[in-house]
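J.: Before I ask anything, let me first share the structure, which is written out below as structure tokens.
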Amino acid sequence: MTKTTTPRIAFIKARWHADIVDRAHEGFTDEAGRIIPGAQIDAYDVPGAFEMPLLAKKLAKTGKYDAVVAAAFVVDGGIYRHDFVADAVVAGLMNVGLETEVPCFSVSLTPHNYQEVEVLTAFFREHFVKKGREAAEAVRQVLALDAQLAAEDRAAVA
0 MTKTTTPRIA
10 FIKARWHADI
20 VDRAHEGFTD
30 EAGRIIPGAQ
40 IDAYDVPGAF
50 EMPLLAKKLA
60 KTGKYDAVVA
70 AAFVVDGGIY
80 RHDFVADAVV
90 AGLMNVGLET
100 EVPCFSVSLT
110 PHNYQEVEVL
120 TAFFREHFVK
130 KGREAAEAVR
140 QVLALDAQLA
150 AEDRAAVA
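The opening residue of the sequence shown carries number 0 in numbering that gives the first Met the number 0; numbering runs sequentially from there.
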């Protein structure tokens, strides 16, 4: 963890379909508040999913964050095909984690088909709450593992 015992987490939100993506942030903060005591969550907005890995890297390199979470709803209709963007985003986030050793998590979903009709929008709004909660649990588990590894390292040195 950072220099304090209070975990600090960056949450990046793509603004395309903000009404859906914001629900992941809501689910994450609600669940993190329940299962990660004292967690400080800082939210950052980016124009779209493609911008998330670069900001994740900048945030990770500050040394302020124990984890970075990035959320986006990637559908066809933008500049690039949704599958191309989703692949680039997830690979980029994975690379950030590997390069900086700050764990990065993706709540970036890309449905095969999406039309802006109320029934689908309502489904994805609720689905993003669930995915946000799942991301909080994943962050909790990884931070606990990081703390365990650090304790083992300290014990080995002593």
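Glycine included, each C-beta is placed from N, C-alpha and C at the ideal position.
Between residue 34 and the ligand FAD, is there a pair consisting of the residue's CB and a ligand heavy atom that are separated by less than 7 angstroms?
T.: The ligand FAD is not part of the structure shown, which contains no ligands of any sort.
J.: Tell me where the alpha helix (DSSP H) around residue 23 begins and ends.
T.: That run of the alpha helix (DSSP H) goes 17-34.
J.: So, with DSSP's three-state summary, where would you put residue 140?
T.: Note: residue 140 maps to helix in three-state DSSP.
J.: Are residue 20 and residue 85 closer than 8 angstroms when you measure CB to CB?
T.: No, Cβ-Cβ distance for residue 20 and residue 85 is not below 8 angstroms.
J.: Name the two residues that bound the continuous alpha helix (DSSP H) containing residue 57.
T.: 51-60 is the extent of the alpha helix (DSSP H) around residue 57.
J.: If we call anything under 8 angstroms between Cβ atoms a contact, is residue 23 one with residue 106?
T.: Yes, the Cβ-Cβ distance between residue 23 and residue 106 is below 8 angstroms.
J.: Comparing alpha-carbon positions, which option in 132, 67, 49, 147 lies nearest residue 96?
T.: Ranking the options by Cα distance to residue 96, first place goes to 67.
J.: Out of 154, 35, 10, 153, which has the shortest C-alpha to C-alpha gap to residue 51?
T.: Out of 154, 35, 10, 153, 10 has the C-alpha closest to the C-alpha of residue 51.
J.: For residue 2, which residues from the same chain have a beta carbon less than 7 angstroms from its beta carbon, with the 5 sequence-adjacent residues on both sides left out?
T.: Only weak support is given to the placement of residue 2: the predicted model assigns it a pLDDT of 49, under 50, and the value that follows is read from those uncertain coordinates. Counting only Cβ-Cβ distances below 7 angstroms, and skipping sequence neighbours, we find nothing.
J.: With DSSP as the reference, label residue 88 as helix, strand or coil.
T.: Helix, per DSSP.
J.: Quick one, which of 29, 104, 58 has its alpha-carbon nearest residue 88's?
T.: The shortest C-alpha separation from residue 88 is found at 104.
J.: Can you have a look at residue 91 and say buried or exposed, based on whether 16 or more other CB atoms are within 10 angstroms of its CB?
T.: The residue is buried, with at least 16 neighbouring Cβ atoms inside 10 Å.
J.: Report the residue from 62, 49, 26, 143 whose alpha carbon sits nearest the alpha carbon of residue 100.
T.: It is 62.
J.: Thinking C-beta only, is residue 34 closer than 8 angstroms to residue 151?
T.: Going by C-beta atoms, residue 151 is not nearer than 8 angstroms to residue 34.
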